[in-house]
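Numbering (our numbering), first residue to last: 347 to 653. All remarks here apply to the structure that follows.
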């Protein structure tokens, strides 16, 4: 009797990095069509990962202190299962410790952990999407582009107009310098609405301050910040006419839907490694980020035939 192969992919986040791995996940599934493929990820991203078609199992890692014995034993138990391969797409200090503490020498581990069986090459200057795709190929994946038809969450309850733009004015609270100024977002929103394009302000509860600042000067916008989970936010972007936002996870997600998407970058982001990937996406960078004007965004969207 042939034993079913099992593959563990480790990708804790952040959301943008999780999304940049979509082609890698699809390629792993293509290389192991009959395998049991699991994803070890953070609690916040488990609901979205659970809707992806490439994984048979989602394992939630609380990323607790190693002094938390209950959590540590739980992670160790998962890592010590009989995996055909463990593909570390996080490549962090934590996952290096997972390899050192919990994984036997006989386990095929693809990553950057010292002493792992299949060390990855130097990815300096390589886009994260390509980096994870390379890791997938190293482990036996067959390169394909991820099908995005799984982004089908129901957003009918919002009763949105047929044509609308999505603006994502927030970003990680730890990196406020990544935020394009709220008055620029408001100016862009008002321009769109004058052209007959409705505007939706999207994001999480953590983006509340940034969204409120935009809405104060563009009050005809539709405020959905904090009203969608990640799958619904993905569907919102997929059904929109265009998306403009900062260097933040939902914008990476929007780019992969095929919706025309422009990401605005300041000095915190190296686009060689972190630019979004998608059929109709682009980015604009200036330092400081406030130097990017609404007219520059309009010009870029026009060149992309999004307006």
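Glycine included, C-beta positions come from ideal geometry on N, C-alpha and C. Please read these numbers as outputs of a predicted model, since none were measured by experiment.
Cβ neighbour criterion (16 or more within 10 Å) applied to residue i
i, result
"residue 367", "buried"
"residue 357", "buried"
"residue 347", "Only weak support is given to the placement of residue 347: the predicted model assigns it a pLDDT of 47, under 50, and the question is left unresolved by the model."
"residue 436", "buried"
"residue 538", "buried"
"residue 361", "buried"
"residue 596", "buried"
"residue 372", "buried"
"residue 475", "buried"
"residue 546", "buried"
"residue 637", "exposed"
"residue 593", "buried"
"residue 566", "exposed"
"residue 654", "Given that the chain is displayed from residue 347 to residue 653, the structure contains no residue 654 and the question cannot be resolved."
"residue 603", "buried"
"residue 624", "buried"
"residue 412", "exposed"
"residue 502", "exposed"
Presumed contact (8 angstroms Cβ cut-off) between residue i and residue j, rounded CB distance
i, j, result
"residue 568", "residue 552", "Rounded, the Cβ-Cβ distance is 19 angstroms, inconsistent with contact."
"residue 370", "residue 482", "4 angstroms"
"residue 531", "residue 515", "5 angstroms"
"residue 589", "residue 512", "5 angstroms"
"residue 408", "residue 380", "With a Cβ gap of about 31 angstroms, residue 408 and residue 380 do not count as contacting."
"residue 455", "residue 432", "5 angstroms"
"residue 499", "residue 398", "Contact flag wrong, Cβ pair sits at about 13 angstroms."
"residue 430", "residue 353", "6 angstroms"
"residue 635", "residue 643", "Actually they do not touch by this definition, with Cβ atoms about 12 angstroms apart."
"residue 576", "residue 393", "6 angstroms"
"residue 620", "residue 650", "Residue 620 to residue 650, Cβ: 20 angstroms. No contact."
"residue 612", "residue 524", "6 angstroms"
"residue 420", "residue 434", "At roughly 18 angstroms, the Cβ-Cβ gap does not stay under 8 angstroms, so residue 420 and residue 434 are not in contact."
"residue 497", "residue 584", "5 angstroms"
Opening and closing residue of the alpha helix (DSSP H) in which residue i lies
i, result
"residue 500", "Per DSSP, residue 500 belongs to no alpha helix (DSSP H) and is neither H nor E."
"residue 609", "No alpha helix (DSSP H) holds residue 609; the beta strand (DSSP E) holding it covers 607-611."
"residue 633", "Careful: residue 633 lies outside any alpha helix (DSSP H) and carries neither H nor E."
"residue 362", "361-366"
"residue 421", "415-425"
"residue 481", "474-484"
"residue 599", "595-602"
Close beta carbons around residue i, own chain, < 6 angstroms, minus the five adjacent residues each side
i, result
"residue 486", "377"
"residue 622", "598, 601, 609"
"residue 442", "459"
"residue 465", "none"
"residue 364", "357, 391"
"residue 471", "618"
"residue 653", "647"
"residue 452", "none"
"residue 591", "514, 597"
"residue 518", "none"
Cβ neighbours of residue i in the same chain (closer than 7 angstroms, five flanking residues each side left out)
i, result
"residue 402", "382, 383, 384"
"residue 396", "404"
"residue 526", "592, 610, 635, 638"
"residue 528", "515, 556, 559, 560"
Simplified DSSP assignment, three categories, for residue i
i, result
"residue 457", "strand"
"residue 561", "helix"
"residue 545", "strand"
"residue 490", "coil"
"residue 628", "strand"
"residue 411", "coil"
"residue 451", "coil"
"residue 347", "Residue confidence is low: residue 347 scores 47 on pLDDT, short of 50, so the model does not pin down where it sits. No coordinate-derived value is stated."
"residue 653", "coil"
"residue 616", "coil"
"residue 445", "helix"
"residue 470", "coil"
"residue 570", "coil"
"residue 393", "helix"
"residue 621", "coil"
"residue 434", "strand"
For residue i, the first and last residue of its enclosing beta strand (DSSP E)
i, result
"residue 387", "382-387"
"residue 504", "First-last for residue 504: undefined, no H or E at that position."
"residue 352", "352-356"
"residue 510", "510-514"
"residue 575", "Residue 575 -> no beta strand (DSSP E), and no H or E assigned at all."
"residue 536", "Counting along the chain, residue 536 falls outside any beta strand (DSSP E), though it belongs to the alpha helix (DSSP H) covering 528-540."
"residue 592", "588-592"
Test: residue i CB closer than 9 angstroms to a CB of chain B
i, result
"residue 414", "No chain B appears in this structure, which consists of one protein chain only."
Beta-carbon contacts of residue i that lie in its chain and below 8 angstroms, excluding the five residues immediately before and after
i, result
"residue 473", "366, 618, 619, 620, 621, 623"
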